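Residues 183 to 254 (our numbering) are what the sequence shown spells out, left to right.
Built from N, CA and C at the ideal position, the CB exists for glycine as well.
Keep in mind the model is a prediction, meaning the values are calculated, not measured.
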Amino acid sequence: MMNLEVPAEDTDLFETGLLDSLSFIELLVQLEEQLGVSVSLDQLEPDNFRSIQHIVSFVLANQRFPKSAAAI
Numbered sequence: 183m184m185n186l187e188v189p190a191e192d193t194d195l196f197e198t199g200l201l202d203s204l205s206f207i208e209l210l211v212q213l214e215e216q217l218g219v220s221v222s223l224d225q226l227e228p229d230n231f232r233s234i235q236h237i238v239s240f241v242l243a244n245q246r247f248p249k250s251a252a253a254i
């Protein structure tokens, strides 16, 4: 689990230094382990992860729901 204090959901995580190269890799690992969201090479665009808003949008667009959840 990552512990970042983000002032607002639209704060630029890269520009403020809250997300650097190491924490970015940690974020990608957490997205896959905790949410089942795999990030392909063509999705590794900084804009997809620039802010909490962007990350949430990316996760919602790429999350794979279990078959049982899709049937509901």
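- Annotated three-state conformation of N185 is coil, per DSSP.
- Distance check between Q235 and each of D192, E187, N185, V188 places D192 closest, using alpha-carbon atoms only.
- Its chain contains L186 as the residues whose beta carbon lies nearer than 6 Å to that of L200, once the 5 sequence neighbours on both sides are disregarded; these appear in chain order.
- Sixteen is the threshold: when 16 or more other Cβ atoms of the shown chains lie within 10 Å of the Cβ of S233, as they do, the residue is buried.
- The beta-carbon separation of L217 and V188, rounded to 18 Å, does not stay under the 8 Å limit for a contact.
- Linking L204 to V238 through their CA atoms gives a straight-line distance of about 20 Å.
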